[in-house]
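Engineer: Residue numbers (my numbering): 28 to 536. Structure below; questions to follow.
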Amino acid sequence: MMDARPVQFRSFLHETLFVFTICMAQFLTQGSIVMSLSTMNIILDSFAQKGDIQDGEKVWFMGSFALTVGTFILISGKLGDTFGLKKMFIIGWGWCCIWSLITGISTYSNSLVFFIICRAFQGIGFAILLPCAMGIAGKLYSPGKRKNLVFGCVGASGPSGAALVCLLAAVVGEKTTWSWEFYLLSISLAIFGILAFIVVPTDEPLSHGSIWKTFNSKFDSAGSCLGVCGLILLNFVWNQGPIVGFSKVYIIVLLIISVLLIIAFFYYELNLAKEPLLPKSIFHPKIGLVLASLSFGWGSFGIWQYYYWNSILNLRGYSAIEGGLTYIPFLVLGIIAAFSCSVIISKIKPSFIMLAASIAFMCGCIMLSIMPIDQSFFQISLGQMFLLAWGMDLSFPAASLILSDFLPSHQQGMAGSLVSTMINYSVSLFLGIGTTVETNVKSSGTDVLTSYRAATYFGIAVAGLAVVSSCIFILVQYSSSDSAGTFHLESPLTSDVEKIDSTESPTFL
Numbered sequence: 028m029m030d031a032r033p034v035q036f037r038s039f040l041h042e043t044l045f046v047f048t049i050c051m052a053q054f055l056t057q058g059s060i061v062m063s064l065s066t067m068n069i070i071l072d073s074f075a076q077k078g079d080i081q082d083g084e085k086v087w088f089m090g091s092f093a094l095t096v097g098t099f100i101l102i103s104g105k106l107g108d109t110f111g112l113k114k115m116f117i118i119g120w121g122w123c124c125i126w127s128l129i130t131g132i133s134t135y136s137n138s139l140v141f142f143i144i145c146r147a148f149q150g151i152g153f154a155i156l157l158p159c160a161m162g163i164a165g166k167l168y169s170p171g172k173r174k175n176l177v178f179g180c181v182g183a184s185g186p187s188g189a190a191l192v193c194l195l196a197a198v199v200g201e202k203t204t205w206s207w208e209f210y211l212l213s214i215s216l217a218i219f220g221i222l223a224f225i226v227v228p229t230d231e232p233l234s235h236g237s238i239w240k241t242f243n244s245k246f247d248s249a250g251s252c253l254g255v256c257g258l259i260l261l262n263f264v265w266n267q268g269p270i271v272g273f274s275k276v277y278i279i280v281l282l283i284i285s286v287l288l289i290i291a292f293f294y295y296e297l298n299l300a301k302e303p304l305l306p307k308s309i310f311h312p313k314i315g316l317v318l319a320s321l322s323f324g325w326g327s328f329g330i331w332q333y334y335y336w337n338s339i340l341n342l343r344g345y346s347a348i349e350g351g352l353t354y355i356p357f358l359v360l361g362i363i364a365a366f367s368c369s370v371i372i373s374k375i376k377p378s379f380i381m382l383a384a385s386i387a388f389m390c391g392c393i394m395l396s397i398m399p400i401d402q403s404f405f406q407i408s409l410g411q412m413f414l415l416a417w418g419m420d421l422s423f424p425a426a427s428l429i430l431s432d433f434l435p436s437h438q439q440g441m442a443g444s445l446v447s448t449m450i451n452y453s454v455s456l457f458l459g460i461g462t463t464v465e466t467n468v469k470s471s472g473t474d475v476l477t478s479y480r481a482a483t484y485f486g487i488a489v490a491g492l493a494v495v496s497s498c499i500f501i502l503v504q505y506s507s508s509d510s511a512g513t514f515h516l517e518s519p520l521t522s523d524v525e526k527i528d529s530t531e532s533p534t535f536l
């Protein structure tokens, strides 16, 4: 039997519009990440006519967006918890709208670097948008079938958005100019921002009073600077290194600085921060295993995604529209998943779902690595779409539910941030490492296909780490559960979620 509708919704229509709005946040986030993949050759050629452009720079078309989404999500959930999730949610829609418009206008700048910078700023808006959407949903819905259904729909919106936006961007890019794909995105974002203002219930922020006073007292600005700077520099090094070479002095220096900043961030958060950006309860081995599995799984998917598009566009010779059509299975399976994920989650523990998703990610990379270039799409290519769609659909809601049920209501924005950070940052970081593998193999004199496959072999290894993390998580979970079905968290932080009864919260672990 379905749980009761939250009292904040006046009617079934009100709730439906709310769920649709937060689903569109996920839909457009994942779609915006990949919208430049189907048209990457069109965009590269348009700038190549105006200056000296290296082919390897197209990794930044997706990488810069995923970098800022994954990095700034780390702090946007905390901002939502502090100042109000709805308020930050609306700001996110507005920011995305403005920078999507500027990204389209960047075609007149004749600068590929400016286009990449605009993509990065565009990603900041989605970094605000997505965790606030998940935080609002986590705050409104109590653990149960209704929450499972909502989170399942949001998870299914990811592959659906990637498929549909990729195809639409390809059609617009081929039939008009690539800038119009960003203009149309900007218009859509404005519409959904207005809808969000109307249908999203107002929430109570943690603090009242002046914004500046609240910012200084409740927001960990020092930790945020350390974390954001460290993550950006680390990601920049791995994505820029393959283009200019790792022997460049500034690449080596930035790598060292990034590692030091990340170490300083964790030390500060655990020992010095009065209002830590990350709750100390997050630093728990079981939560770490969940996040590791999620990170490795989606990192392998980022590698698969980039080299799938390079393979079909550069080796098979597909047009942008033909490539976009190959993503249709993601759209169809995403719709199917919307009606099945909630049932799966209610009957199977999220820990096993995470394992299944990790295996799906690994199998997808394996199939890409052996895919013959002259083979019909309806063989191995279609098979990997089927597996990867379920990997995406299952991993996102499962991890979101685990963290949402673990954290108290006033930290639901942070729950959404952690899941989204792992997904989007890993896509960009592991893609950078994957292109490093490709570049090194290509420099040895091998053909393009061999270098692409070398990168996918690395993707297989990354997905294998996701499988191992999931297996360890399951083993640790069962070894620490008592016979009564109660799961204890030895958290260093005293909170209202120190002991979870599995009979009361079947969605947890």
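No residue lacks a Cβ here, since even glycine has one placed at the ideal position from N, Cα and C. The structure presented is a predicted model; accordingly, all values stated were derived computationally and were not measured.
1. Three or more C-beta pairs under 8 angstroms: does that hold for the region 124-135 against the region 178-189?
2. Inspect the CB distances between the region 464-483 and the region 350-359 and report whether three or more fall short of 8 angstroms.
3. Name the two residues that bound the continuous alpha helix (DSSP H) containing T277.
4. Roughly how many angstroms separate the alpha carbons of L458 and I330, rounded to a whole number?
5. Closer than 6 angstroms by C-beta to I151: which residues in its own chain qualify, once you throw out the five before and the five after it? Chain order, please.
6. Taking the alpha-carbon of V464 as reference, which of N266, S136, P399 and I499 has the nearest alpha-carbon?
7. Could you pull the start and end residues of the alpha helix (DSSP H) that A93 belongs to?
8. Contact check, A426 vs V495 under 8 angstroms by CB: the rounded distance?
9. With 16 other CB atoms within 10 Å as the buried threshold, where does D420 fall?
10. Alpha carbon to alpha carbon, how far is G104 from L476? Give it in angstroms, no decimals.
11. Roughly how many angstroms separate the alpha carbons of C390 and S274, rounded to a whole number?
12. According to DSSP, is G391 helix, strand or coil?
13. Report yes if the CB atom of L445 is closer than 8 angstroms to the CB atom of I309, and no otherwise.
14. Just tell me which of Q332, C368, F110 and G200 has its CA closest to the CA of S73.
15. Could you give the C-beta distance for F357 and M398, rounded to a whole number, given that I count them as a contact under 8 angstroms?
16. Taking the straight line between their C-alpha atoms, what separation do you get for S585 and G410?
17. CA-CA distance, F219 and M51?
18. Please identify the residue among G268, S138, I460 and Q504 whose C-alpha is closest to the C-alpha of S327.
19. To the nearest whole angstrom, what separates the beta carbons of N337 and A93, a pair I think is in contact under 8 angstroms?
20. Quick one: give me the first and last residue of the alpha helix (DSSP H) that Q406 is part of.
21. Give me the Cα-Cα distance between F405 and A416, rounded to the nearest whole angstrom.
22. Restricting to Cα atoms, I'd like to know which of V34, K174 and T203 is closest to S373.
23. If you run the structure through DSSP and keep just helix, strand and coil, what is W205?
24. Between S322 and S497, which are expected to be in contact by the criterion C-beta below 8 angstroms, what is the C-beta distance as a whole number of angstroms?
25. In whole angstroms, what is the alpha-carbon distance linking P186 and A300?
26. Please classify D247 as buried or exposed, where buried requires at least 16 neighbouring CB atoms within 10 angstroms.
27. Going by the CB atoms, is the gap between I49 and I163 shorter than 8 angstroms?
28. Since I155 contacts G188 with CB under 8 angstroms, what's their CB separation in whole angstroms?
29. Is it a yes or a no for the region 478-491 touching the region 290-304, going by three-plus beta-carbon pairs under 8 angstroms?
30. Ordered along the chain, which non-local residues of its own chain (more than five positions away) have a Cβ less than 7 angstroms from that of M62?
31. Quick one, which of V34, F47 and T66 has its alpha-carbon nearest L340's?
32. Give me the Cα-Cα distance between I102 and L304, rounded to the nearest whole angstrom.
33. Consult DSSP for F45 and reduce its assignment to one of helix, strand or coil.
34. Whose C-alpha, out of P158, S91 and R37, is nearest the C-alpha of K114?
35. Which same chain residues end up closer than 8 angstroms to S38 when comparing Cβ atoms and leaving out the 5 residues on each side of it in sequence?
Structural biologist: Reading off the structure:
1. no
2. no
3. Reading the sequence as shown, one finds Tyr at residue 277 and not Thr. Run containing Y277: V276 to N298, per the alpha helix (DSSP H) assignment.
4. 5 angstroms
5. T95 and F99
6. N266
7. V86 to F110
8. Wrong, their Cβ atoms sit about 16 angstroms apart, outside the cutoff.
9. buried
10. 41 angstroms
11. 34 angstroms
12. helix
13. yes
14. G200
15. Actually they do not touch by this definition, with Cβ atoms about 17 angstroms apart.
16. As shown, the chain starts at 28 and ends at 536. That puts residue 585 outside it, with no answer to give.
17. 8 angstroms
18. I460
19. Contact flag wrong, Cβ pair sits at about 16 angstroms.
20. No alpha helix (DSSP H) contains Q406, which DSSP labels as neither H nor E.
21. 16 angstroms
22. K174
23. coil
24. Not quite, the Cβ-Cβ distance comes to about 12 angstroms (not below 8 angstroms), so this is no contact.
25. 38 angstroms
26. buried
27. yes
28. Contact flag wrong, Cβ pair sits at about 17 angstroms.
29. no
30. V192, C193, A196 and E208
31. T66
32. 7 angstroms
33. helix
34. P158
35. none
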